[in-house]
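Reading through the structure tokens given below for one structure.
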Amino acid sequence: MLNNKPRKVLLTGAFGLVGEETIRALLHQGHSLTCLDLDTPENRTHMQDLLQTGTFETLWVDICDAEAVKNAFNQCKPQAVLHLAAMVPPDCYVDPKHAYQVNVEGSKNLLDAARQCESLERFIFISSYSVHGPRNPNKEINAIRADTPINPGDNYARHKVIVETLVRESGLPWSIIRLPAVFGLRPQQVGQALMKYLFILPPERRQHAMDARDAGLALANSVHADILFRTLLLGGDAPDWMRTAGEFFGAIFQARGLKAIPDRYFRNPDPLVDEAWYYEDWVNTAESQLLLDYQKHSFNDYLNELKKQEKIGPGWLMNLMSPLVLKQLTKQSPYDRDQDSLDTLSHWQIVCKVFGIPIDSP
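Numbering (the numbering used here), first residue to last: 141 to 502.
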């Protein structure tokens, strides 16, 4: 770690799942914090809740508005920027053109403003391990590292690759942090788009996940850690946070008193076709843990906290409701492995088919 004196930090995407935990960690470390996010009723509710944790400034700014971004930098005069704002799956599949504007053009606006900011000491871009592309669990054996070749397989990953390149070529003191799957404690609304997305993801895929509280701590520590001009991959402590996606979600459903959705209702990629698989896999986190010291919560810690947070009803009621909930969920799946053949389409081809978007979407 370098000098961990309090700094003036600008955090974009502040009131999302990872952002809220980053706010808590930054405030705990004594930093002066300015939060940037969209002005929505949901974000205002999260802001009010987080103000119980400590004092911070909020600027309601759309990062697609270059002038508003410039004004935010002039007002905040940050020493460090944590750029977390993004449209992620499935939202980036629903409206790919707007996703490009937010993820790429919005990032350009931030970089332009950062170059004019004399106080800036570092620009930290939060990327994703999606940049490494499809990972066939039947073939791949090596954990992902920062130097693993990139091979973006959908628009979200392509956006991240574009911005990573822009950051490295910006002339700014930069760091890039790639997140894995992040599990938070905040209840999430399960809409139609999310259900479409979940069913196209094979449960056999290897998934490296982490607690959102650990992700927030890592990002807060990155403000003063010795990571300039480095690309790091985050993930929970191995092997506890290295499982299949089906194992993770089965345990999460059980913690909520529900039965997991059977594998038969998920897409079944051909094990011989690498491009048919999703872009998740296990990660080598040795370097990031050494530099950022963030792996604090086990998966059991997360499940135990989830059980306390998700008191939907008494156990006897959940036992009665579980088959009904499961039936409603499986009715929304377009897949049935007992009848379907192996799927050879790429993940992106499936996304375009399911969400009805052009294959050449940005």
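All residues carry an ideal CB built from backbone N, CA and C; glycine is no exception.
Please tell me whether residue i and residue j are closer than 7 angstroms, where the distance is taken between their beta carbons.
i    : j    : result
Y296 : S270 : yes
R147 : V363 : yes
G229 : Y337 : The identity of residue 229 in the sequence shown is Pro, whereas the question assumes Gly. The answer is yes: Cβ separation under 7 angstroms.
A416 : D483 : yes
L373 : A358 : no
G331 : Y419 : no
V322 : A355 : yes
M335 : Q472 : yes
P236 : I499 : no
A239 : C232 : yes
A286 : T371 : yes
D414 : P274 : yes
Return the Cβ separation of residue i and residue j in integer angstroms, given the expectation that the two are a contact with Cβ distance under 8 angstroms.
i    : j    : result
R255 : S310 : 7 angstroms
D403 : P343 : 5 angstroms
Q169 : A360 : 6 angstroms
L150 : V221 : 5 angstroms
L431 : I367 : 5 angstroms
R346 : P411 : Wrong, their Cβ atoms sit about 13 angstroms apart, outside the cutoff.
I264 : I317 : 6 angstroms
In the DSSP output, which residue or residues are listed as bridge partners for residue i?
i    : result
Q347 : R383
I316 : F265 and T371
I284 : V423
S172 : K148
V322 : M350
H223 : T152 and F265
E197 : T174
P292 : The partner list for P292 (beta bridge, DSSP) is empty, contrary to what the question assumes.
E483 : According to the sequence as given, residue 483 is Asp; it is not Glu. P409, per the DSSP bridge assignment.
To which residues of the same chain is residue i closer than 8 angstroms at the C-beta, ignoring the five residues directly before and after it?
i    : result
C204 : Q241, V242, E245, G246 and N249
E197 : L173, T174, C175 and C216
R407 : F339, I340, L341, P342, Y475, D483 and I490
V158 : L224, I266, L319, V322, G324, A352, A355, G356 and L359
F393 : K399, A400 and I401
L260 : P218, Q219, A220, V221, A254, L312 and P313
V301 : V271, I290 and P292
L190 : F155, E160, I163, R164 and F196
Please go through the same chain and pick out, in chain order, the residues whose beta-carbon is closer than 7 angstroms to the beta-carbon of residue i, but skip the five residues on each side of it.
i    : result
G378 : According to the sequence provided, residue 378 is Ala. The question's Gly does not apply to it. So the qualifying residues of the chain are T425.
E280 : D421
K145 : none
Ordered along the chain, which non-local residues of its own chain (more than five positions away) have a Cβ less than 6 angstroms from that of residue i?
i    : result
R298 : P292
- Contact between the stretch 434-447 and the stretch 350-357: three or more CB pairs below 8 angstroms? yes
- Does the pairing of the stretch 171-187 with the stretch 200-219 give three or more beta-carbon distances under 8 angstroms? yes
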